[in-house]
Each structure stands twice: as structure tokens, then as C-alpha cells.
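The next block holds one structure in the form of C-alpha cells; read it before the comments.
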Amino acid sequence: MFKGGVKLVDFKSLSKNEKIEEFKYPEKVIIPLSQHTGSPAKPIVKKGDYVVEGQVIGEISGFISSYIHSSISGKVIDVLPWNLPTGKKSLSVIIENDGERKSIDKTERNWLGLTSEEIINIVRENGIVGLGGAAFPSHVKLTIPPGKKAEYIILNGCECEPFLTCDYRVLREYTDEVIEGLQIICKATNVKKAFIGIEHNKIDLIPILNNAIRNLKIYIEIEIKILPEKYPQGSEKHLIKSILNKEVPSGGLPIDIGCIVFNVQTARAIKRAVCNGIPLTERVITCTGLVRKPKNLNVRIGTLISEILNYCDGELKYGRKIINGGPMMGIQIYSPEIPVIKGTSGILLLPEEKLPEKIQPCIRCGKCIDSCPMFLAPSEIGRYVEVEMFDKCENLNVFDCIECGCCSYVCPAKRPLVDFIKYAKFKLRKK
Ligand code: SF4
Ligand code: SF4
């Protein structure tokens, strides 16, 4: 088990029993060309073009980049910059739905006959990125760097953020596809042993997973690990520590210690791309919080958040805020006219918190240090940020911060510690 972290009330009962519903095809979609880690895709369509579902509309522009596909059929009505849930802007393709649901031809394949290179290429061409939040291109994760070797794949089913239940529902309802995806990942990386990590609050998944493993033809060793409910259990580094008792070195990657972590929805997307020829044009999200009808929805990428909130009867009024993602690591968005992107795991409607008007001084209680799972001193970093001594923050390993939010959560003075840390990283990167 890892040091630090916090125990949170999970609020998952609001949506945990809501089966995944197919969200209607929207009238229009707004599909950003930069919705992944790495360089934005290059647009290959223009205003007036006709596109079908699954057609490439943005081409990969480097090794760390991703293809972007249309999620509906219809006419491109514009290509222009649009706000992203992350607060940035990205050139985006706006498509008006023609209601025809025309699609590219899909190629069915048996993954057993494919080589590692062929699998990685299919994953790349189908625009698969990590669906746990960071949206890191999956073909890059599957490509083992020279001199390294992958020994274990870990499937991340922790979903440790409160409120979110979309990964839980995917594991429950699409168990076979997730396990098949895990086997394909192992074939691509030449790994023989995989773990599935889930938190204790999802213990009811064990018989479902075991049943799927019994009924499918399994070519690898799969071990299910039940982990205590402790945030941020689902962070890659902490999941590895909990399962393998190994530490990823500072500034390093899981592959440096022979391990790669994939989210459960990513594994399912890989299965669908490889076996069914389906590009990443949809994903399952949770819409919950102060909405009257919390739901888990399968949504076309590019659907506006306003449409989803309407469907779930989530009224936007004074004193409420919208969060893209979970309450700990998610980002508040200031307009619902923002699209769902590949990294959107949830839409939360939460009460606005009353923060102190002025930043309060640190009372040196040490709670932030105790809660930090990365062995950092957030109180110290915060003090240096306030006096703009960013080099000192670098000496305090600010870049090791995974922005989990535990320090801000526990701080009795309500100091905006994660915001301080993000600001320090921004300033240091600009140096
Ligand atoms: S300093 Fe970073 S890693 Fe540590 S608790 Fe705060 S946000 Fe999490
Ligand atoms: S938790 Fe807040 S008040 Fe306590 S040491 Fe950390 S920054 Fe200071």
C-alpha cells in the first residue's frame, strides 16, 4: 500500500446501479482536433464536406498524436477554434447530423492472427487514447522503447474518484470485451501476466470477472487484485505500488520497471478497434451530482455537455458548478457549450464552494504533507509560489506532483495548494 492519500465519501450509489444507456445521436457535434496528449491532429476536411461515422477528419501529426474520426454522418459546417473542457482552445470540426447514420465499412478480424506491429498500427489508425482522463495515445504506450521490456500489464478498474461509475458499469456490462482487450494488449506487448486492479467498493465484480475468465479462451495469466478504498488508488504509480510493491522512479515511467497500465475502457476500445474495426467515436461517461436523473451514458464524442445535462435533468443555476471529470482531479467548466472529448469520464453538477475571500496563511499543521502520496511538501511549495520563488519549487520536486488534490482537500486553511503547484509548473516550463 502507498503512503498518504485520503479516504473519501464516494457518492457512487447515485449512479452505480444505472445501466449504460445509449445517448441519442446529437443534431451536431463539435470534434476538437486536440483532445489527446501530444500534438494536435491536422484537419483533412473543410466546410461543406460530407463525412460518415468513423471517417478520419484529423490526421496524426507526430509520434505522440492521434487520429480523429467523425462520430456521426453529415455535413461539415465549419472548422474553427472551440473551447475544450481543459480550459484551452482547439481547432474543431463542427458536423451537422443528417440523421442517416452512414458509417465506414468495418473490418472484422481475429486478433490471434495479428502481429504486435499490426495490432499497434490498428490501435493508432483508430485513434485510441487512454480513456482514464489523460488521453495519452495508446499506440505509444504499446510501443516498448528500445532496451526496455514489459513484464506485466495492469488493467486499472479502480475508478477512485468519487461519483464516477462509468468504468464500473463497463466492467460489469462489457466484461468479455474488456478481458479480450486485455489479451490483445498482452499480445501487442508480448506480456504473459496481467492484473486487474479494483477497489473494494466494486467487490461485486469479482464473480462477474471470474465467470468471464472461465468462459473465454484465455492465453495469459490474469490475477484480480482487490485494493482498499483510498484515493488516489487509481493513479498509475500508486496502483503499481499497491499491486507489485514497486516504485516508478522520479521522472520515470511505469515501463522503466517493466509495467504498463491501461484503463478498462481503453482495453474495450482496443478490442473494438482490433476485432471489429470500430474507431474511437464514442465513450461511456457518468453524469451525476445535483442532476435529478444520474446516469451512465454512451455518448458520441463531440456531443455538447449542455445536451447531456438537459437529459439528466441537471438545472444550472446560481450556486452550482459543472465539473468535467471527478471532483478531485476534474476541472470546473464555465459554459456547458463545450463538447465531450475522448478524456471526458464524467460531468458533475456540484454546489459551488464558499472559499475564503483572501488566501489564508498556513497554520503549519502538516496535514498536507501527511496526505501527499508523492512524498512532497505542498505547504512549502505553496509558500514559495506566493513569493514567486519558482526555482525553490523545482528543488522541492514540484514536477513529481500528480495533481491528485489530496493536499488542498485536507488543508484546514483552505489554501489553494494544487493551484499553486500547477502555477509553479507552468512558470518553470516557460523558463
Ligand atoms: S502535492 Fe501534488 S501529489 Fe501531493 S497531495 Fe498535493 S496534489 Fe497530490
Ligand atoms: S494543510 Fe494547509 S495549513 Fe496545514 S501545513 Fe499544509 S498548507 Fe499549512
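First residue of the sequence shown? That's 84 in my numbering, and the numbers climb one at a time after it. Every residue gets a Cβ at the ideal spot worked out from N, C-alpha and C, and that includes glycine. Owing to the predicted nature of the structure, the values given are computational and were not obtained by experimental measurement.
Check, Outcome
"Residues of its chain near I227, where Cβ-Cβ distance is below 7 Å and the 5 sequence neighbours each way are ignored", "A233, T272 and I338"
"Straight-line gap, E208 to G182 (C-alpha atoms, nearest Å)", "26 Å"
"beta-carbon M84 near ligand 1 non-hydrogen atom, thresh 7 Å", "no"
"DSSP-derived helix/strand/coil call for G409", "coil"
"Inter-residue spacing [alpha-carbon to alpha-carbon] between C370 and G230", "43 Å"
"Lining residues of ligand 2 - beta-carbon closer than 7 Å to any non-hydrogen atom, in sequence order", "C445, I446, R447, C448, G449, K450, C451, I452, P461, S462, G465, C490, V493, C494, P495, A496, R498 and L500"
"Where C448 falls, given that 16 or more other Cβ within 10 Å makes a residue buried", "exposed"
"For N294 and N48, the rounded distance between their alpha carbons", "The structure shown does not extend to residue 48, since the chain is modelled only from 84 through 514, so no value can be given for it."
"Range of the contiguous alpha helix (DSSP H) that encloses S199", "S199 to E208"
"Sheet register partners of P422 (DSSP bridge)", "L387"
"Candidates V206, G216, N239 and Y235: closest to V524 by CA position", "It is not possible to answer for residue 524, since the shown part of the chain is limited to 84 through 514."
"Identity of the residue in I368, E469, G170 and I414 nearest V423 by Cα", "I368"
"P456 Cβ short of 7 Å to ligand 1 heavy atom set", "yes"
"Span separating the alpha-carbon of N166 from that of S148", "19 Å"
"Beta-bridge partners of F345, as assigned by DSSP", "L238"
"DSSP state of L225 mapped onto helix, strand, coil", "helix"
"F458, DSSP secondary structure in three states", "coil"
"Alpha carbon of I429 to alpha carbon of E256, nearest angstrom", "The displayed chain sequence assigns Gly, not Ile, to residue 429. Going from the Cα of G429 to the Cα of E256 covers about 18 Å."
"Any non-hydrogen atom of ligand 1 closer than 7 Å to I518 Cβ", "Residue 518 falls outside the range modelled here, since the chain spans only 84 to 514, and no answer is possible."
"Euclidean distance between Cα positions of V382 and G170", "21 Å"
"C-alpha distance - L500 paired with L91, whole-angstrom precision", "18 Å"
"Whole-number beta carbon distance between I160 and Y150, since they are thought to touch under 8 Å", "Rounded, the Cβ-Cβ distance is 21 Å, inconsistent with contact."
"Residues bridged to R403 [DSSP beta-bridge criterion]", "P434"
"Cβ-heavy atom distance, I414 to ligand 1, below 7 Å", "no"
"Bridge partners - G170, DSSP secondary structure assignment", "DSSP, once it has assigned bridges, lists no residue as partnering G170."
"7 Å Cβ shell around S98 - same chain, five flanking residues per side excluded", "T248, T369, T371, P377, K378 and N379"
"D93, buried or exposed, once every other Cβ within 10 Å from all chains shown has been counted against 16", "buried"
"Inter-stretch contact at 8 Å, needing at least 3 Cβ pairs: the stretch 235-252 / the stretch 308-315", "yes"
"Segment contact flag, the stretch 395-405 with the stretch 427-445, C-beta cutoff 8 Å, min 3 pairs", "yes"
"Strand pairing of E136, partner residues [DSSP]", "S186"
"Check: C342 C-beta below 7 Å from any heavy atom of ligand 1", "no"
"Spatial neighbours of R351 in its chain, beta-carbon cut-off 7 Å, leaving aside the 5 residues before and after", "V253, Y257, E260, V261 and G264"
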